Structures are given as structure tokens and as C-alpha cells.
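In this note's numbering, the protein residues as written are 9 to 1010. First comes the structure, then the notes that go with it.
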């Protein structure tokens, strides 16, 4: 590519140059976002030069680079934006020439030449007075490299970034760029760092000439971009500094802005600010005894007890290292090696010259990018192997020139992904140019994120805030400890006063209990319960002596899972001679520890069997100075030293118990006498009641027996004439028919009778007599048949011939009873007739007392008819508070109240739901051994308050003079006692009542 000088073209280019530079300058002024500026610059330069590609290549810290902005003409060349290039693509000497001399390069692949155009002197860095141009032959590798990209001509302009710093500055005296030169200004203490930020590159797919004007325009653009980059870097630094200061301020607010120092919240905010995976604050606690439990706080639950290592306090959040023995956060900071680093400082094995400011202070920070590359951490590797933690930043926390702990921030390993322009071997130097620039994705797993200068500066600033806060925190802890000690003393004194007050209250309660009750067991139980709670013992018992100096535990109060010894009898041979005299003298024995006390082997073994470790024994004196028993407190969990106040309390309680025992014995004697008298009175009352009931039942039974004999006698006397009449009616009917036939024959053969016969015939009205005589005989037959059925029913009802149990047809007994009561079912002036609904089941013969069972049917059916006759009249007994609720009430002869499910028969209500008086009679076979008979009416029902009394003798709900009150009582005896059955009642006030009779078949 050759430089040409055409005057007309130079004028045009000059005008375009002015326009281009003005547009780029305005764009830089309009926006401080570097990406927008770079994108506009490459687009404007490509439009000006009319090349196929303009791109900006930015160097990274490892000398590799990335295309950060690009403009392509109609896709004539492939896009390289976002792709990275290895450091070997631009040799170090070339990078040095770019930064020292601002050298531009123009390459023509077709002619194999490269033009080098420096702007500054290499040794002084001053601009050259005359522009120099050097022509050289193009290296074949370089030519092959460009041809592989499809480029025939190119030129490159370096983009530099200048930083002016003071000579005495220690914080920013390092140049981090891949190529950097420091220039000193004469007569000034300032120095200028010139860094190679990147390259402005133009590519063309065919050979092209670059004029000096083009080169000048591109150089002006590069200079403007250098200014924009400086502004952008300064803006980024200002913003980062403001964000860091805001973070420090926010954390400082957490540490100082509340009544209590919020170390946990401040730690969490710190870890979040660094993007860490976890963190912790470790604080030494030299004033805490080794036996104290460690205080560990955070978003995980930890329970650590210091044994040999010093105690500490730990706040933790996020992912944490785990010890190999399974304990979390146990002794990493407490490890001797870590403690040595805290006291003497941690020396990184890898060189970190750029962080010397942070590592050479009195309390240097530990900057560990990859802990597995630090040989000093080898002992602690197992604690981190279960985690993804790779990086650590440890800020020692100091107070009054002493290290009191550390702030640690963890970072996990990361996976990196980078897009390269062509595949290459990063482990070996490039000897041949790449043939392809296709995209190659490189993924690296388990990489260690690097700690940046900004991170460390911010960590130190936050650490200083934590140091000040820790000082306040330690002072607060010290004040808290003093307050706690004072509070403990107050509590101890208060506890002593409270204990004395509790002793007095217990004595008062026991006295009140003795006065309020004379029940000895209640008083003794109160004593052992109060003693156990007040003395906080495991077991309190009262041991009562019996005959022959033996005894047993009569009451006890036991805590928790300790074994109960209630009713235990002690072996007499285990106690030495004279022990009874010891206690009879009122002396107290305190056994603090059975292992050290002077006890007999048998006695010690006996106490061990009872799980006793310590015991306090106080005698309880009875009448005549005899020892009634012992009040004993057992300590089972551990030995116990019994205090004098405790012994005195038990002595006072034992004295009160002795008074209670004496009163209770006197009271028990009076109770026994009263009980004996009351038992005799109850027995007499019971006997009198039984005699009255028996007398009433005998009277009723005699009445029914007399009634049965009367019925049987009447039925027998009526039966003879009725049988005579009934037996001759058939003959009379035949004779009358023959006589009427004869008269009819006379009338047919003698149509003209004698006048006297005609006169008599008219007088007796022969025609009517012939017609009415058969009807009269038929009516006499029906009447006699009715009388015979009545006689049979009376005989069946009386059953005088069936005094013993015999198989009986239940339906026959019910029908006989209904026949007797049939006259009461007919309509009357105040009510219509009673409808009888018979629902007979298929029943077998039932072995029963037929006469007695018929009496039950008579009572129940008679009561049903009485209830229907009474209707809704106000003739039943008025009961105060009687409710008109229609809820059903269930009552049984077997128990006071029953549920509907207890009735074995049909669960449906059998009370007739009709507007006219009705009685439903249902029979069914409940099971193979039991039959059920239900008699239900739709009368007024029985009130709930009265239904529980219906089986009592002489109780009736009927008006005076209508009932004796013995019907249901006798029915109860017949069904329940005589037949081993059940009689149940279901009543719904206002709707009706149903009675269920259940009797066994055999």
C-alpha cells in the first residue's frame, strides 16, 4: 500500500476529517458511556475511510485482547466482535513500540510491505519534529495471519491512556496495563503513566492506499478516544468509590445506628457487597472460662463447646467450612496455626507486589485467591474440601492495638467461558499462524476469582468500621457481664427471700388444708406434693409404721420418670438396732451421699435399689409419743447437701402432720360410728320399701288372679247355655224351613182356604213371617257365634290352665286382649273410634307365662287407649319448666337412658302419623333367640322429665282416680324379672309413645 498525495483529494479529506472529528467530539460530550462512544467512533471512521472493517481491540491484564467495538461494510469480512485473541498474536516488542513511540503500522499484504510511522521519540517520549516513515518487509507469519482473516490491507493506531500521579503516592504507583511507560515531568513531583489501552484497527479485503490525511484523521480519532477512555475510567472510579462509600455507610449504620450492635446483619450485608458465598466474624473471648459454652450466631444452628481451646464468639452466614469430624465451624479460627497468623501476620507464599500497601501494615489483610495454592493452608484443607470455597479475604479486627478477631469473606470457585478467534494451545507458545479464526468456546471450571484492589480497599474500610464497633461491642459485653453479675447477686438474695416466703406459704397451706378437711390421705398427699415442689426433690414419701416395727410407703410424689415406690415395705433387718429410738426421740437424719455416709451394706443396697443418692428423714410423732411414721425426701439424680432451713421446714411439716393424724384418727372413729348407724337406717328403709312394694304387687296380683278366676267362671257359665243354643239353632233352622215348605204346599194345593184360616193368615201376616223367620234364625246364629268367641277370648286371657311356661302364640294373646278392649276402641261423643293397625311378623311359638304376658298387653294397650282418650286435654300432671320440644326421649328398663341404636328392633319411628286416634301393634323376630312386640300410639306422649319414673310403683301421669300407678311396674317385673326380657319406651311429647317388649323365644 503506497502513500499518495493528491491536492484535490486532500482538500476533500480535510473537510471530511473536520466533520468526523466534530461528530466524534460531540458524541463524547453527549455521552459518558464508553460503549456508545466506541460504537459511534468505529461507525464514523469506517464511513470516512470506506474500508471493510473498523474495530477497536482492547488489551486485558494477561496481554490477551478482545474486540469491543466493530463496524463492517456489508458483511464483506466476518464479524470478530466479542472474540478474544491470545497474547502471542501481538508480540511484546510490538506492544512496547505502540506505547513508547505511539507507532502506527500500515500493512500491504499483496506487496509484502509494512510501514512504521512513530509519533514520539523512544527515549524521551517527546513528539518528533518531523514525521518519520520506515518501510520494511512483512514477516511471512504476519502475512499468513492476515490472509487467514481475509485481510489484504490494514493499518493500526494505538489507543493510549495517561494517568498523572504524584511521586510520593503509594496507593497508585503501579501500572497494571500489559504495556506501560512512566514519564517524569522535569521540575515537578508528578509522573505520568502511559498505558496501552487498545488498538484502532482498519481491515480491507483488497489492497488499498492510505493517505497521510487518512492517517492523520484516524490519529485524531484515536486521541479523542483516549480522552473519552480517560473520562470513562475516571467516571467508573468515581461511581465505584461512591458505591463503596455507600456500602460502608450502610454497614456503619447497622453497627452504630441501633441500640444494639447488629453484627450479624452487618456481616450479611458485607458478604452480599462482595458477592461472597459466605462469611464469618470471629471474636476471641479471653474473659470467658474454658468450660463456658461458645456463642455461635448466624443463619445456621451451631452448638460448640470449648474444651481445651480458648472460648470464642462466632457470627456466620452463607456457606461455611466443615470439619472432618462432622462439627461445623468448630476450631478453624481457634486452630493454633490460624491464631499464630492473627498474632504475627499471614505471609502469602505467592508474590503480591501490587497489594503491598495492604499486606505491610501492622495488621495486614490476608489476600488468598486460591487457598489450595497456599501451602500454609494445607492443614486446614479438609475443612474446605466439602465446599466450593476457593478464595479468602481475612481482615484482622483489632482493639487497643491488640487483635481480637477477624472478619473473613469466602468466595466460591467459578466456571469461566471465553470466546476465542480460532482454536489454539494456551499451554505452548505459537510458532505458526492460525489458519482459521472460527469461534472457539473455551470453558474453564473451578477457577479462582481474583481479589481486586477495589475489593480490598472496601474490605479494609469496612474492617475499620467493624474494629470500632467491636470495641464498643466488647465494652458492651463487659458492662453486660457486670450487670449480669449484679443481677445474679440480686437474684440469689431474692431467691433466698422467696424461698423463706415459700416455706411460710407451704406451712400456711398445710395448716389451711388441715383445717379444711379431716381426710388424712388428702392432707398427707398435700404435704408430700408441696415438699417435693418446694425442695425440688425427685421423690417425697411418707412411710407409716405398722405392727412389729414394719411399715410401708402410704403416699408419695414423684418427678418425671423416677420409679414409684408406693406400697413398698422396707426390710427390717437392713436397719441397725435402736433406729426406732433414734426417730422416736424426734431426731432428723440427713444423708447427703449414700456412698460416703456411714450405712450398713444392706441399707446402702436397699437405697441404691430405690435409685436414691441423698435422703432427708424426719419422724412424724403420733399419740402417746409413738412414732407414727417418717417424712422422707429423696434426691435420685445426684448427691445433695441438705440445708438447715430445709430440715427445719420438714420438721415443721411433720409437726403439722402429727396434729392432722391425731384429728383424722378421731374423725375416722366418729365416721365409722356414723357409718354403721347410717347403714342400719338405710337397711331398715330399704326393707320397708321392699315390703311396701311387695304388698302392693301382691294386692295387684291377687286382684288380677281374682279377675282371671271371675272371667274364667263367667266364661264357663255362659259357655253351657250358649253351646245349647248354638247347637240347636241348626235344627231349628231346618225345622222352620220344613214348616214353611209345608205351608207353601198347602197354599198351592188349597188356594181357597177356609175363611177362618184366611183371617188368621192375614192377622199373622204370613208373607212377612215367611220372609223374616230365616233372617231371625241367621241373626241368632251370628249372635251365638259372637258369644262363643267372647268366651274363648276370656278363657285365653285368663289362662288358668297355663300357670307354667308353655309355648304360646303371641298373636293369639294380643288378639284376645284387643277383643276384651274392643268396646273402648269404638267412637265416643268426645273422640272418633280408635284405629288398630296390626303388623304381625312371622313369629315362632314363644315359651312364656301366657297369663302374665296377657296382663302386660292389657296394661300397655289400656294405657295407649287412655292416652288417646286424654288427647291434648290439660289433664296430665303439670311439670314446671316443661318444654314442648318434639325431640324423642329414650328410656329402658335396663339403664336410665339409651340411644336409638340400643333398640334392636326397627330403627324407624312406629308412632302412627295420622290425625285420628291410632294404635300400631307390630311383632317381629329380632334374631333367632329374641322376639319384639311394639305397641305405639299417637297420643299426647310422656314429658321428658317424667319418663324416668314410669316404672316406679304408684307413679302415674293419669288424673286422680284413673290409675293406680302399678300397671307399668308390674309389667316391668313380668317382662324383665319373670321373662328375662327388656321393656323400653320411646316418647315424643305431642306426637305419641311407643313401648318395645323384647323377650327370649326359649
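Just so it is clear, CB atoms sit at the ideal spot from N, CA and C, and this is done for glycine as well. Source: prediction; values computed, not measured.
| Check | Outcome |
| --- | --- |
| Beta-bridge partners of residue 448, as assigned by DSSP | 428 |
| Between the CA atoms of residue 476 and residue 208 - distance to the nearest angstrom | 50 Å |
| At least three beta-carbon pairs within less than 8 Å, the stretch 840-852 to the stretch 933-946 | yes |
| Three-state secondary structure assigned by DSSP to residue 153 | helix |
| Residue 466, buried or exposed, once every other Cβ within 10 Å from all chains shown has been counted against 16 | buried |
| Contacts around residue 515, its chain only, beta-carbon distance under 6 Å, and the 5 residues preceding and following it disregarded | 660 |
| C-beta contact flag for residue 374 and residue 412 at 9 Å | no |
| Secondary structure of residue 73, DSSP reduced to three states | strand |
| Close Cβ partners of residue 345 (< 8 Å) along its chain, the five nearest in sequence each way excluded | 384, 387, 388 |
| Local conformation of residue 857 per DSSP, three classes | coil |
| Residue interval of the beta strand (DSSP E) (run including residue 846) | 843-847 |
| Residue range of the unbroken beta strand (DSSP E) whose run includes residue 993 | 990-996 |
| Inter-stretch contact (C-beta, 8 Å, three-pair minimum) for the stretch 269-284 and the stretch 414-423 | yes |
| Contact set for residue 510: own chain, Cβ-Cβ below 7 Å, skip 5 residues either direction | 542 |
| Nearest-angstrom beta carbon gap, residue 813 and residue 749 [assumed within contact, 8 Å] | That pair is no contact at about 56 Å. |
| Endpoints, alpha helix (DSSP H) assigned at residue 531 | 528-543 |
| Residue 948 - containing alpha helix (DSSP H), residue span | First-last for residue 948: undefined, no H or E at that position. |
| Which of helix, strand or coil DSSP assigns to residue 980 | helix |
| For residue 672 and residue 574, believed in contact at Cβ under 8 Å, the rounded distance | With 8 Å as the limit, residue 574 and residue 672 do not qualify as a contact, their Cβ atoms being about 19 Å apart. |
| Spatial neighbours of residue 275 in its chain, beta-carbon cut-off 6 Å, leaving aside the 5 residues before and after | 287, 289, 323, 325 |
| Distance between beta carbons of residue 228 and residue 29, contact taken as under 8 Å | 5 Å |
| Local conformation of residue 379 per DSSP, three classes | helix |
| Contact under 9 Å by Cβ, residue 975 with residue 876 | no |
| Neighbour-count burial assignment, residue 478, 16 or more Cβ in a 10 Å radius | buried |
| Residue 211 - containing beta strand (DSSP E), residue span | 198-212 |
| For residue 622, three-class secondary structure by DSSP | strand |
| Residue(s) in a DSSP beta bridge with residue 563 | 550 |
| CA-to-CA distance, residue 502 to residue 576, given in whole angstroms | 39 Å |
| N-terminal and C-terminal residue of the alpha helix (DSSP H) that residue 263 is part of | 220-264 |
| Segment limits, beta strand (DSSP E) that includes residue 985 | Residue 985 -> no beta strand (DSSP E), and no H or E assigned at all. |
| Residue range of the alpha helix (DSSP H) that includes residue 274 | 271-281 |
| Status (buried if at least 16 other CB within 10 Å, exposed otherwise) for residue 644 | buried |
| Cβ shell of residue 566 (< 6 Å), same chain only, five flanking positions each side left out | 547, 572 |
| Of the listed residues 74, 110, 133, 125, nearest to residue 144 (C-alpha basis) | 125 |
| Contacting residues, own chain, Cβ-Cβ under 6 Å from residue 453 (five flanking each side not counted) | 423 |
| Same chain only: Cβ atoms within 6 Å of residue 300, ignoring 5 sequence neighbours per side | Note that residue 300 scores 40 on pLDDT, short of 50, meaning its location in the model is unreliable and no value can be drawn from it. |
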